[in-house]
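Novice: Below is a structure I'd like to ask you about.
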Amino acid sequence: MRVTRRYRFSASHRLHSPRLSEERNRAVYGKCNNPFGHGHDYILEVSAVGPVDKETGLVLRVEQLDHLVERQVLCDLNLKNLNHEVADFVGMAPTTENLALVVDRRLRLAWRSAFPGGPRLDRVRLEETKRNVFEVQGGDP
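End of the sequence shown = 511 in our numbering, gap-free, step of one.
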C-alpha cells in the first residue's frame, strides 16, 4: 500500500551556479538567473510504502509523517531564500531538481528513526509550477 501526504511551502531562489561564468549562467538559466531571484509556492508530496497493519488498519500515522516533514524540511525551507539561507545550497545551484534531492536526502536520513521497522520512504514529488514537476524515487540511503 502506498500512502501519500501533501505539503505546501514557499521559497525563493536565483538559478545560478557558482561553477559557471556569469555569461554561462545567463545562457543556461535565462530569466531565472535574475539577480533579485523569484519565488515559488511548492507542493511537496511524500509517499511511503508498507503493509496495512491488521490491528490499526494504517500503514503509518500521518501525524508522525507530518512531524518528520516539518522538522526535516519545512522549518528550514519555508519562506527562505534558498541561495542565502539554506546551507544545503552552498556551492550548488538551487534548481528544483536539486531541491527535490535535498528534501529526499533529509527525509531518508531521519526516516528509520521516525518509522523503525515501519513503511519505507518511496517517493518525494515536488511541484514547482503546474507544468514543472520533479520526482525522486528510490531505496534507503
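All C-beta atoms in this analysis are idealised placements derived from N, C-alpha and C, irrespective of residue type, glycine included.
1. Could you please give the first and the last residue of the uninterrupted beta strand (DSSP E) stretch that includes leucine 496?
2. Could you check whether leucine 428 and leucine 469 sit closer than 8 Å to each other, using their CB atoms as the reference points?
3. Report the CB separation of valine 398 from leucine 477 in whole angstroms; it is logged as a contact under 8 Å.
4. Measuring only the C-alpha atoms, how far is phenylalanine 406 from phenylalanine 459?
5. Quick one: residues in its chain with C-beta nearer than 7 Å to the C-beta of aspartate 492, no 5 flanking neighbours on either side, listed in chain order?
6. Which residue wins for smallest C-alpha separation from serine 380, given the options Tyr412, Pro489 and Leu452?
Specialist: Result, derived from the coordinates:
1. Position 126 of the sequence shown, counted from the start, is the residue given in the question as residue 496. Here the beta strand (DSSP E) through leucine 496 covers 490-497.
2. The residue labelled residue 469 in the question sits at position 99 within the sequence shown. The residue labelled residue 428 in the question sits at position 58 within the sequence shown. Not in contact: leucine 469 and leucine 428 (Cβ atoms no closer than 8 Å).
3. Residue 398 sits at position 28 when you count from the first residue of the sequence shown. Residue 477 sits at position 107 when you count from the first residue of the sequence shown. With 8 Å as the limit, valine 398 and leucine 477 do not qualify as a contact, their Cβ atoms being about 28 Å apart.
4. Counting from one through the sequence shown, the residue named residue 406 turns up at place 36. Counting from one through the sequence shown, the residue named residue 459 turns up at place 89. Cα-Cα distance, rounded: 17 Å.
5. Position 122 of the sequence shown holds residue 492. Counting only Cβ-Cβ distances below 7 Å, and skipping sequence neighbours, we find Arg372, Ser417, Ala418, Val419 and Gln507.
6. In the sequence shown, counting from the first residue as 1, residue 380 sits at position 10. If we check each option's Cα against that of serine 380, Tyr412 comes out closest.
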